[in-house]
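One structure is given here, and the rest of the page talks about it.
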Amino acid sequence: MAQPNATPASELRPAASFSSVANARDRAVALFQEAAKVLQHPRCVNCHPRGDRPMQTDQMRPHEPMVVRGADGHGAPGLTCTTCHGNANYETARVPGDLHWHLAPASMAWEGMSVGQICEQLKDPKRNGNRTLAAVIDHASNDSLVKWGWNPGGGRTPAPGTNAEFGELLRAWADAGAHCPAG
Amino acid sequence: MLMQPMKSHQTVSRRGVVQGLGGLILAVALPGTAHAQSGAAQVLKGDGGAVAAIAPNAFVRIASDDIVTVLVKHIEFGQGPWTGLATLVAEELDADWSQMRAEHAPANSDLYKNFAFGMQGTGGSTAIANSFEQMRTVGATARAMLLTAAASAWNVPVGELTVDRGTIRHASSKREGRFGQFAEAAAKLPVPAKVPLKDPSAFTLIGRDDGSVKKLDSAAKSNGTAQFTIDIREPDMLTVVVARPPRFGGKVASLDAKEALAQPGVVDVKQISSGVAVYAQGTYQAMQGRSRLKITWDDSAAEKRSSDQLIEEYRALARKPGLVARQHGNVEAALKLADKALEAEYVFPYLAHAPMEPLDGFLRWDGNTAVARFGSQLQTGDHHAIAKVLGLPPERVQVETMLAGGSFGRRAQATMHLAVELAEAAKAIGPNRPMKLVWTREDDIHGGYYRPLFVHRLRGGIRDGRITAWSNTLVGQSFLRGSPFEKMIKDGIDATSVEGSKEIPYQVADFRCDLHTTDVSIPTLWWRSVGHTHTGYAVECFIDELLEATGQDPVSGRLALMDKAPRAAGVLRAVADLAGWKGPGPTNGRARGVAVVESFNTYVAQIAEVSDGGREGPRVHKVWCAVDCGIAVNPDVIRAQMEGGIGYGLGHVLFAEVSLDEGRPVQSNFDGYRSLRIHEMPEVEVRIVQSGEKPTGVGEPGVPPIGPAVANAMARLGLQRPRRLPIVRAVS
Amino acid sequence: MTFQLSVNGRSHAVDVDPSTPLLWVLRDTIGLTGTKFGCGIAQCGACTVFLDGKPLRSCALPVSAVGSQSVITIEGLSGREAEAVQRAWVARDVPQCGYCQSGQVMSAVALLTEVKKPSDRDIDLAMTGNICRCATYVRIRAAIHDAAKSLEG
Chain L
5 MAQPNATPAS
15 ELRPAASFSS
25 VANARDRAVA
35 LFQEAAKVLQ
45 HPRCVNCHPR
55 GDRPMQTDQM
65 RPHEPMVVRG
75 ADGHGAPGLT
85 CTTCHGNANY
95 ETARVPGDLH
105 WHLAPASMAW
115 EGMSVGQICE
125 QLKDPKRNGN
135 RTLAAVIDHA
145 SNDSLVKWGW
155 NPGGGRTPAP
165 GTNAEFGELL
175 RAWADAGAHC
185 PAG
Chain H
286 MLMQPMKSHQ
296 TVSRRGVVQG
306 LGGLILAVAL
316 PGTAHAQSGA
326 AQVLKGDGGA
336 VAAIAPNAFV
346 RIASDDIVTV
356 LVKHIEFGQG
366 PWTGLATLVA
376 EELDADWSQM
386 RAEHAPANSD
396 LYKNFAFGMQ
406 GTGGSTAIAN
416 SFEQMRTVGA
426 TARAMLLTAA
436 ASAWNVPVGE
446 LTVDRGTIRH
456 ASSKREGRFG
466 QFAEAAAKLP
476 VPAKVPLKDP
486 SAFTLIGRDD
496 GSVKKLDSAA
506 KSNGTAQFTI
516 DIREPDMLTV
526 VVARPPRFGG
536 KVASLDAKEA
546 LAQPGVVDVK
556 QISSGVAVYA
566 QGTYQAMQGR
576 SRLKITWDDS
586 AAEKRSSDQL
596 IEEYRALARK
606 PGLVARQHGN
616 VEAALKLADK
626 ALEAEYVFPY
636 LAHAPMEPLD
646 GFLRWDGNTA
656 VARFGSQLQT
666 GDHHAIAKVL
676 GLPPERVQVE
686 TMLAGGSFGR
696 RAQATMHLAV
706 ELAEAAKAIG
716 PNRPMKLVWT
726 REDDIHGGYY
736 RPLFVHRLRG
746 GIRDGRITAW
756 SNTLVGQSFL
766 RGSPFEKMIK
776 DGIDATSVEG
786 SKEIPYQVAD
796 FRCDLHTTDV
806 SIPTLWWRSV
816 GHTHTGYAVE
826 CFIDELLEAT
836 GQDPVSGRLA
846 LMDKAPRAAG
856 VLRAVADLAG
866 WKGPGPTNGR
876 ARGVAVVESF
886 NTYVAQIAEV
896 SDGGREGPRV
906 HKVWCAVDCG
916 IAVNPDVIRA
926 QMEGGIGYGL
936 GHVLFAEVSL
946 DEGRPVQSNF
956 DGYRSLRIHE
966 MPEVEVRIVQ
976 SGEKPTGVGE
986 PGVPPIGPAV
996 ANAMARLGLQ
1006 RPRRLPIVRA
1016 VS
Chain B
459 MTFQLSVNGR
469 SHAVDVDPST
479 PLLWVLRDTI
489 GLTGTKFGCG
499 IAQCGACTVF
509 LDGKPLRSCA
519 LPVSAVGSQS
529 VITIEGLSGR
539 EAEAVQRAWV
549 ARDVPQCGYC
559 QSGQVMSAVA
569 LLTEVKKPSD
579 RDIDLAMTGN
589 ICRCATYVRI
599 RAAIHDAAKS
609 LEG
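Chains as they are written, first to last, in this note's numbering: chain L, 5 to 187; chain H, 286 to 1017; chain B, 459 to 611.
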């Protein structure tokens, strides 16, 4: 379960280190579980909330002020993400930013879900924004907002490992058959 | 500035005619009626008997364009004295509301003293109470002088003249005139010694509630033109921020300002008693410079205890008898005889006031004279503090009061620390460097002068279904101790610590209230409704708990004990009627809690309708509020203050705490020091109880009942009455 | 560094550090002090302005990011919604201390520009980023409803 964790993982095992797992299914599951250290990190889950309100901090507190997903993940009329979040992190105000700062769609909520559920969700075009597996991996490797997780600014804890290591884990997982952990 | 030297032949009790911007101005200055025996002469005389200025020493100016400007001696930071005092003048003057204006009076402790304090200042919800007769007298006197001038001009008996909404009439000759026409002539007349005031039955503006008496400052505050201290800009003005020690009582051990001084726009860095002052061309540059100071702090004398440690110490103390504030009967014996004894402990955190406009001040000093402009709440103290630091006689220091973005007690400083810091910053860099000192929000939340942390231990005895014993032991700091107000501590008891606990509206045969005053070097201060911020919660939660234990209704159970508190009982009955009280519920998941608190001689009862919001804490849907503040001068201002008091009280009870980690404040801004937001604001319905009593204040009394009202509703929802505030901490 | 800013329809050349928050450029450099400082971290909304017509916390945007986008402050506010909101604010005597009200008015105008007849929930969502320590929220809500009504027909 994605719950506040006092000491979130700070590193990732490299994808190559999983090659010793002979069984492809087991390897895929292990690779995804490793990648899930990123997916379940507060930097990522905070904007993949179960409800309409994002979260903040490593304690995953409800976002203050109270903001919501709105019609398109960019907030409500009068108080959108861009009311406060600019194109880049702004250390003076301690406000993080990105070119398209927004909430993940409700279909991609990770808060409170198991690793297996997140895995199934990622593969499901009905929920993942109609993406192929390759597109999902491309998104996870190249999207600026995803990459923000490793450059969050403001003294925030970055997601574990590196964005490149994360991408390699997902690619290796796909190559091993993209099997999901149970449950 | 409307100033003219007083001519020697004029009596000091008569104000002259001065040429002002809009024409001729009648300026009337009168001492308060409470001090009438001292005479205008004494009030207006300076040390050498000379009267320096005319118009600034006045309460009202009437210009040739008919505009009536009231000089308000109380600071306006939202509680409405500009409108309130102008209403009092306009009432007796029979002015039209549209011709009324208000501005702050200058600092002058003789002329503008608050009769409750003996010096100029605002606080304790005293503005309307202490100005009620004084400002009406001002209005009536001005009216009498205008009528005399008009009668003389028209050559008719003054007794035949009438005034209605700013128009003077002589019916039989069908003559009409405006105030402005007669201002010049009126100003030359002697000031009548005694003028009759209206009987309250004749009031037309006081108490008027048809929406026609609008607040005087709403427009400027809705279009960005209202000027606050932070808005002051002058040529060559420097902006100053100060790095203060992270722990209270810390001192600068070493300072390296090289990097800070190398920042563009940074002009200088100086050590002052509160820390290290950074002077820059602009606010951001000053902040940037400050962030590059390298300071090591000497914490050897600093307070290093954490909140949790203080609370444990306080809880231990609460189990020992303290200094008795009040007792009757024998509470220990009564508790032993009780069929049932209840005990409750309540813990109240340090709270910051966090006014929207952080502390700030402007000062111009040329080595010989100084002008300070800021939201001074205790002008006399601030005035003298600045004069002392700059080594100037007070008459060479002018203090101009600015509109302030809230205060909630923060700007009324027993130690005058802002005024001292402002003057020290000026002195450190030398004369002829006009400057604006600005605190950031972090400075504000970390800056101390908090509502003190308090622990209450309550014990109650029930015998034969009746409440027979009440014991309340309080533990907390006194902010009067060690301050210039220390003499207000009587027999070791700081009345502001025990107000509300020492005397409760309920008759209990055996009663004791005792106090432990603790020695902690965290600076504390009065905070909107002062002692009642914690005593109201403790007393109203505990009486509710005792009534619940005896199976009594929260309203009728209270009323049965309130024979000697008729006005408190009156608002309780009124609020029960307003809310259609049928017991606490719950009904459809919503319960109702009630509380009634008198503070500053104003009586307020509230009923809160609450549901359980789970992790997010209680959800307060609606609050019914009844208030008895004597004669209601401005009903809509009273409603606004009840609404705002409820919101301010609720936000803090739900969310707010400044906790200390080894002496360092943990929260630093509104992300951690959470404020009530609009979606958390309940609907509010206010009933003002009709009263012929003298008016009392409304700035603070709306605050105390909301916390216990919510807690008492929570108890009926099956949640505990929160024992430690804030509530959301207790729930999660 | 010099930046060319469009503020309230006028062009201003300002020579400031690129990291300076737009707020302090407006207040200290250009002298438009209606926009207020309350927290510096986009928590309170007192510094709200419009950037290309959309509400923005001016404390949370460096001047270097403004570019050619137009800035409107409370001093330059105009139009039907603005007039309706400010009229309603005065009619309801909304302000107490008044310090946050520039930001409140800006957010209310932004809401009414997009949502002609806002529900209580719409008001909550648009206005919750604006803290009022005096808690004038009851009247803010009522004034927004009044303004919306006055804009009908």
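C-beta atoms are modelled at their ideal positions from N, C-alpha and C, and glycine is treated no differently.
Legend entry - B/L463 - DSSP class collapsed to helix/strand/coil: strand
Legend entry - Bridge-paired residues (DSSP) for H/T887: H/S884
Inset, instruction - Go ahead and pull the three-state DSSP assignment for H/K625. - result: strand
Inset, instruction - Specify the secondary structure class of H/K500 as computed by DSSP and reduced to three states. - result: coil
Inset, instruction - Tell whether a beta-carbon distance below 8 Å holds between H/R924 and H/T818. - result: no
Legend entry - Cβ of L/P156 within 8 Å of any chain H Cβ: no
Inset, instruction - Report the neighbours of H/H964 on chain L: residues whose CB is nearer than 8 Å to its CB, in chain order. - result: M70
Legend entry - Residue nearest to H/V684 in terms of C-alpha spacing, selected from H/K867, H/D350, H/K358, H/I352: H/K358
Inset, instruction - Give every residue of the same chain whose Cβ lies closer than 8 Å to the Cβ of H/P530, excluding the five residues on either side of it in the sequence, and list them in chain order. - result: K536, V537, G560, W582, D584, A587
Legend entry - Beta-carbon gap between H/I774 and H/S763 smaller than 8 Å: yes
Inset, instruction - Alpha carbon to alpha carbon, how far is L/W105 from H/R604? Give it in angstroms, no decimals. - result: Counting only the Cα atoms, L/W105 lies some 54 Å from H/R604.
Inset, instruction - Note down, in chain order, each residue of its chain lying with its Cβ closer than 8 Å to the Cβ of B/M459, except the 5 sequence neighbours on either side. - result: So the qualifying residues of the chain are D473, V474, D475, P476, S522.
Legend entry - For H/L739, the residue or residues it bridges with in DSSP: The sequence given here has Phe at residue 739 of chain H, not Leu. H/F633, H/G761, per the DSSP bridge assignment.
Inset, instruction - Could you check what DSSP says for H/L677 in three-state terms: helix, strand or coil? - result: In this structure, H/L677 counts as coil in the three-state DSSP scheme.
Legend entry - Per-residue burial, B/I602 [other beta carbons within 10 Å of its own, 16 or more giving buried]: buried
Inset, instruction - Mind listing the chain H neighbours of B/P479? Cutoff is C-beta to C-beta under 8 Å, in chain order. - result: Residues of chain H passing the Cβ test: Y569.
Legend entry - Beta-bridge partners of B/P520, as assigned by DSSP: In the DSSP assignment, B/P520 forms a beta bridge with B/P479.
Inset, instruction - Note down, in chain order, each residue of its chain lying with its Cβ closer than 6 Å to the Cβ of H/W755, except the 5 sequence neighbours on either side. - result: G745, V793, F796
Legend entry - DSSP three-state assignment for H/P442, whether helix, strand or coil: coil
Inset, instruction - Could you list which residues in chain B have their beta carbon closer than 7 Å to that of L/G133, in chain order? - result: The contacting residues do not exist; L/G133 stays about 25 Å from chain B at best.
Inset, instruction - List the residues of chain L whose Cβ lies closer than 7 Å to the Cβ of B/V573, in chain order. - result: Correct list: P81.
Legend entry - Unbroken alpha helix (DSSP H) run spanning H/L523, endpoints: Annotation for H/L523: no alpha helix (DSSP H) segment contains it, though the beta strand (DSSP E) segment containing it runs 523 to 528.
Legend entry - Contact belief for H/V783 with H/L800 at Cβ below 8 Å, rounded distance in angstroms: Their Cβ separation, rounded to whole angstroms, is 5 Å, which keeps H/V783 and H/L800 in contact under 8 Å.
Inset, instruction - Taking only beta-carbon positions, decide if L/R98 is within less than 8 Å of chain B. - result: Cβ-Cβ to chain B under 8 Å: yes for L/R98.
Inset, instruction - To the nearest angstrom, report how far apart H/R460 and H/G369 are at their CA atoms. - result: One Cα belongs to H/R460, the other to H/G369, and the distance between them is close to 32 Å.
Legend entry - Where H/H731 sits in the DSSP three-state scheme: helix
Inset, instruction - Would you list the residues sitting across from B/V474 in a DSSP beta bridge? - result: In DSSP, B/V474 forms no bridge with anything.
Inset, instruction - Mind reading off the beta-carbon distance from L/F22 to L/P185? Whole number of angstroms is fine, and I expect it under 8 Å. - result: No, L/F22 and L/P185 are not in contact; Cβ-Cβ is about 14 Å, not under 8 Å.
Legend entry - Cβ contact check for the segment 587 to 607 of chain B and the segment 500 to 511 of chain B: 3 or more pairs under 8 Å: yes
Inset, instruction - Could you spell out the range, first to last residue, of the alpha helix (DSSP H) harbouring B/A542? - result: It spans 538 to 549 - the alpha helix (DSSP H) in which B/A542 sits, taken as one unbroken run.
Inset, instruction - Kindly indicate the opening and closing residues of the beta strand (DSSP E) around B/P513. - result: 512 to 515
Legend entry - Beta-bridge pairing of H/D795 - partner residues as DSSP gives them: Secondary-structure assignment with DSSP links H/D795 through a beta bridge to H/A754.
Inset, instruction - Compare the Cα-Cα distances from H/I596 to each of H/C910, H/R875, H/H741, H/L356 and report the closest residue. - result: Closest by C-alpha distance to H/I596, out of H/C910, H/R875, H/H741, H/L356, is H/H741.
Inset, instruction - Note the first and the last residue of the continuous alpha helix (DSSP H) segment covering H/E968. - result: Here H/E968 belongs to no alpha helix (DSSP H); instead the beta strand (DSSP E) covers 968 to 973.
Legend entry - Amino acids of chain H, ordered along the chain, whose beta-carbon sits closer than 9 Å to that of B/M585: R962, I963, H964
Inset, instruction - With a threshold of 16 other CB atoms inside 10 Å of the CB of H/R518, please say whether the residue is buried or exposed. - result: With a 10 Å radius around the Cβ and a threshold of 16 neighbouring Cβ atoms, H/R518 comes out exposed.
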